[in-house]
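For the sequence shown, the positions run 1 to 66 when the UniProt record's numbering is used.
By construction, the Cβ of each residue, glycine as well, lies at the ideal position given by its N, Cα and C atoms.
Read the structure below first, then the notes.
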Amino acid sequence: MKIILNGAPREIADGMRVSELVEYLELLGQRFAIEVNAELVPRSRFAEHRLAVGDRVEIIQAVGGG
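Quick look at the structure:
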């Protein structure tokens, strides 16, 4: 199925959960936040939040600096 990931079309498996997307994108262990259709998805809900065709997903990664 097709979603919009950070502004670009992306093909993913049907019914993929946010937690599975995180694994697929190899983001485990990194600091980031995920919004689906402009709503923040808490980490505690990653495993239950299923993505749907046309969802707009934004992944915002924390960048440290000084």
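What did DSSP end up calling residue i once you bin it into helix, strand or coil?
i, result
"Leu5", "strand"
"Val22", "helix"
In this structure, what does DSSP give as the bridge partners for residue i?
i, result
"Ala47", "Its beta-bridge partners do not exist; DSSP assigns none."
"Val41", "DSSP, once it has assigned bridges, lists no residue as partnering Val41."
"Gln61", "Phe32"
Cutting at 6 Å between CB atoms, please list the residues of its own chain near residue i, excluding the five before and the five after it.
i, result
"Arg31", "Ala62"
"Leu5", "Val57"
"Val36", "Asp55 and Val57"
Could you round the C-beta distance between residue i and residue j to whole angstroms and report it? I think they count as a contact, below 8 Å.
i, j, result
"Met16", "Leu51", "5 Å"
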